[in-house]
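Below is one structure, written out as structure tokens, with a few remarks after it.
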Amino acid sequence: MGRGREELKTCIYCGKRYPISKMIRTTKYSFGYYDDEAGIKYRGQPMTVYVCKSCARHRGIKDERQKGKRR
Numbered sequence: 003m004g005r006g007r008e009e010l011k012t013c014i015y016c017g018k019r020y021p022i023s024k025m026i027r028t029t030k031y032s033f034g035y036y037d038d039e040a041g042i043k044y045r046g047q048p049m050t051v052y053v054c055k056s057c058a059r060h061r062g063i064k065d066e067r068q069k070g071k072r073r
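Numbering (the working numbering), first residue to last: 3 to 73.
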């Protein structure tokens with residue numbers, strides 16, 4: 003990365019690219035399924051994804067990054 007440039011991330015909903023400081027970090031789960039033979043429900047794997055502020059506001063998504071003082 004060059005000096006003075008932020009990493010760009012792609013919004014998973016609209017596909018636009020924004021600097022990481024303008025994005026909201028959240029967790030999304032990949033698909034889950036139910037195994038009929040074993041009778042076990044498999045939960046999807048969590049993934050860290052980024053959403054732009056307009057898509058997050060539309061879908062009611064909150065930022066998972068800590069706010070306030072950093073220690």
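C-beta: ideal position from N, C-alpha, C; glycine also. Just so we're clear, the structure is a prediction, and the values are computed from it rather than from any experiment.
What residue does the beta strand (DSSP E) around residue i start on, and which one ends it?
i   : result
K11 : 10-12
K43 : 42-44
K30 : 25-31
R19 : 19-21
D37 : 35-37
Is the separation between the beta-carbon of residue i and that of residue j shorter than 8 Å?
i   : j   : result
T50 : R27 : yes
D38 : Y44 : no
In its own chain, which residues sit with a C-beta less than 8 Å from the C-beta of residue i, not counting the 5 before and 5 after it?
i   : result
I63 : I26, T28, V53, C57
P46 : Per the sequence presented here, residue 46 reads as Gly, with Pro not at that position. Counting only Cβ-Cβ distances below 8 Å, and skipping sequence neighbours, we find Y31, S32, F33, G34.
Alpha helix (DSSP H) containing residue i: first to last residue?
i   : result
K55 : 55-61
Under 7 Å Cβ to Cβ from residue i, same chain only, skipping five residues before and after it: list those, please.
i   : result
C16 : C54, C57
For residue i, I'd like the list of residues in its chain whose CB is within less than 6 Å of its CB, leaving aside the five on either flank, ordered along the chain.
i   : result
C13 : V53, C54, C57
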